[in-house]
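Colleague:
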Amino acid sequence: MLTREDCLLAGLIGQGIALSRTPLMQMQEARAQGLFSSYKKLDMDAPERAGMTLAQMVQSAEAAGFDGLNITYPYKIEVIALLDELSENARAVGAVNTVVFRGGKRIGHNTDMWGFGESFRRGLDGARTGHALLLGAGGAGVAVANALAECGVQKLSIFDTDPARAEALAAQVASNFPATRTQPVSDIAALFAEDKPNGVVNATPMGMAKLPGMAIDAALIDGDLWVADIVYFPLETQLIATARAKGCRVLPGSGMAVFQAVRAFELFTGRPADPVRMKATFDAFDLPAQDAGTQKR
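When the letters of the sequence shown are read in order and numbered with UniProt numbering, they come out as residues 1 to 297.
1. For the beta strand (DSSP E) containing Val185, name the first residue and the last one.
2. To the nearest angstrom, report how far apart Leu156 and Pro184 are at their CA atoms.
3. What is the DSSP secondary structure of Ala10, reduced to helix, strand or coil?
4. In the DSSP output, which residue or residues are listed as bridge partners for Trp226?
5. Across which residues does DSSP place Leu156 in a beta bridge pair?
6. For Met278, does the count of other Cβ atoms within 10 angstroms reach 16, so buried, or fall short, so exposed?
7. Alpha carbons only, please: which of Ala147, Ile240, Gly68, Asp224 is nearest the one belonging to Arg128?
8. With H, G and I counted as helix, E and B as strand and the rest as coil, what does DSSP make of Leu235?
9. Below 7 Å between beta carbons: does that hold for Asp273 and Val262?
10. In the structure shown, what three-state DSSP assignment does Asn97 receive?
11. For Ala145, which residues in the same chain have their Cβ closer than 6 Å to its Cβ, ignoring the five residues on either side in sequence?
12. Taking only the alpha-carbon atoms, compute the straight-line gap between Met25 and Phe282 and give it to the nearest angstrom.
13. Counting along the chain, where does the beta strand (DSSP E) carrying Arg106 start and finish?
14. Rounded to whole angstroms, what's the CA-CA distance from Ala284 to Tyr75? Just pull it up for me.
15. Less than 7 Å between the beta carbons of Ile264 and Thr53, yes or no?
16. My assumption, with CB atoms under 8 Å, is that Arg49 sits in contact with Asp84. Please give the rounded CB distance.
17. Beta carbon of Ala228, beta carbon of Leu191: below 7 Å?
18. Use the C-beta contact count for Arg271: other C-beta atoms within 10 angstroms, 16 or more gives buried, fewer gives exposed.
19. I'd like to confirm the pairing. Which residues does DSSP put opposite Asn70 in its beta bridges?
20. For the alpha helix (DSSP H) holding Phe265, just list the boundary residues, first then last.
21. Give me the DSSP bridge partner(s) of Met208.
22. Apart from the five residues on each side of it in sequence, which residues of its chain come closer than 7 Å, Cβ to Cβ, to Leu19?
23. Taking Asp45 as part of the alpha helix (DSSP H), name the residues at either end of that continuous run.
24. Using the Cβ count rule (16 or more neighbours within 10 Å means buried), how would you classify Thr161?
25. Looking only at its own chain, which residues have a Cβ that is under 6 Å from the Cβ of Gln290, when we skip the five neighbours before and after it?
26. Nearest to Ser38 by CA position, among Gly152, Leu8, Thr180, Gly65, is which residue?
27. Would you kindly work out how many angstroms separate the C-alpha atoms of Phe36 and Phe268, rounded to a whole number?
28. Using only CA atoms, which one of Arg21, Met44, Gln28, Ala30 lies nearest to Gln15?
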């Protein structure tokens with residue numbers, strides 16, 4: 001007989017998430033650990049949710065008995081007002097990508113910060129961290145900015161189409177990590193001319209299947225840079241493809257996607273997750289259909 005401890009019931013709330021790999025990673029890991037699992041894509045762009053608010057969606061999931069939710073673009077900051085408690089890291093970062101329903105309370109966590117940091121440490125080991133440029137100061141950007149500082153970036157320049165948001169994030173990171181010098185920037189070309197960064201991270205939605213393109217002029221990218229993206233559908237974004245072609249060390253969004261999911265699974269279930277197994281599930285999406293089917297069995 002199944003008990004609640006034998007089940008994982010969760011979902012992902014966001015816009016344009018039809019290609020998300022998070023649901024399968026969570027369900028395959030649950031099944032590997034002997035759990036019954038159901039993980040729903042709750043795409044707010046879907047016609048059946050037209051007119052629904054984030055508050056209504058969170059309330060519906062809680063009423064349905066979900067263990068929790070993953071939260072993605074564009075709700076990582078908006079969701080905070082709907083929660084009862086924040087974990088220490090979510091409070092420090094100021095964004096939430098994982099909500100756990102426990103004891104009648106909604107508890108917000110941020111697994112993006114650890115997820116990006118772990119991906120950076122593994123995928124760009126030895127990269128120069130004297131100066132990095134972050135593109136995007138939204139819900140994902142705040143986590144990435146703090147992760148970069150935690151990974152030893154000495155100077156962090158932050159660009160956002162909303163200058164006030166870039167300024168606020170620069171102040172927040174400086175408060176959390178006093179050893180990291182931060183500055184908002186409004187002109188990326190001028191920054192490259194005056195103080196070229198060692199690396200660039202895209203934390204904007206630019207590059208997603210529904211929002212193609214790049215948040216930086218391709219002419220500014222050369223082989224001296226390392227380039228990271230947090231977008232993973234498509235995995236080879238225009239930014240990553242451009243940087244790779246120019247000889248840059250690159251960090252696709254897959255690493256952050258996997259490691260944030262590892263930590264979220266642990267929060268939902270109270271069980272440790274296997275990152276190697278979860279990455280294998282993620283990578284299976286890119287295999288030919290026959291090979292992917294073999295791997296998923």
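C-beta: ideal position from N, C-alpha, C; glycine also. Quantities reported herein were computed from a predicted structural model and do not represent experimental measurements.
Modeller: With the structure as the only source:
1. Where Val185 is concerned, the enclosing beta strand (DSSP E) stretches over 181-185.
2. Near 9 Å, if we compare the C-alpha coordinates of Pro184 and Leu156.
3. Of the three classes helix, strand and coil, the one that applies to Ala10 here is strand, per DSSP.
4. Note: Trp226 sits in a beta bridge opposite Gly199, Arg249.
5. Beta-bridge partners of Leu156 (DSSP): Ala132, Thr182.
6. Classification of Met278: buried, given that the 10 Å Cβ count is 16 or more.
7. Comparing Cα-Cα distances from Arg128 to each of Ala147, Ile240, Gly68, Asp224, the minimum goes to Asp224.
8. Reduced to three states, the DSSP call for Leu235 is coil.
9. First, the residue type needs correcting, since residue 273 is Ala and not Asp in the sequence shown. Yes, the Cβ-Cβ distance between Ala273 and Val262 is below 7 Å.
10. In the structure shown, Asn97 adopts coil according to DSSP, grouped into three states.
11. Around Ala145, the same chain offers Leu134, Leu169, Val173 as residues with beta carbons nearer than 6 Å, after the five sequence neighbours per side are excluded.
12. Across the structure, Met25 and Phe282 are spaced so that their CA atoms are roughly 6 Å apart.
13. Element bounds for Arg106: 105-109.
14. Their backbone Cα atoms lie some 28 Å apart in a straight line.
15. Rather than Ile, the amino acid found at residue 264 in this sequence is Ala. Taking a C-beta distance under 7 Å as the contact criterion, Ala264 and Thr53 do not qualify as a contact pair.
16. About 24 Å separates the two Cβ atoms, so there is no contact after all.
17. No, these two residues do not count as a Cβ contact at 7 Å.
18. With fewer than 16 other Cβ atoms within 10 Å, it is exposed.
19. Answer is Leu12, Thr98.
20. Its alpha helix (DSSP H) spans residues 254-269.
21. Paired residues: Leu211.
22. If we look at Leu19 and ignore the five residues flanking it on each side, its Cβ neighbours are Ala209, Phe233.
23. First-last for Asp45: undefined, no H or E at that position.
24. Classification of Thr161: exposed, given that the 10 Å Cβ count is below 16.
25. Here Gln290 scores only 37 on pLDDT, less than 50, and its place in the model is too uncertain to base an answer on.
26. Checking every option, the nearest Cα to that of Ser38 belongs to Leu8.
27. Inter-residue distance for Phe36 and Phe268 is about 13 Å (C-alpha atoms, whole angstroms).
28. Here the closest residue by C-alpha is Met44.
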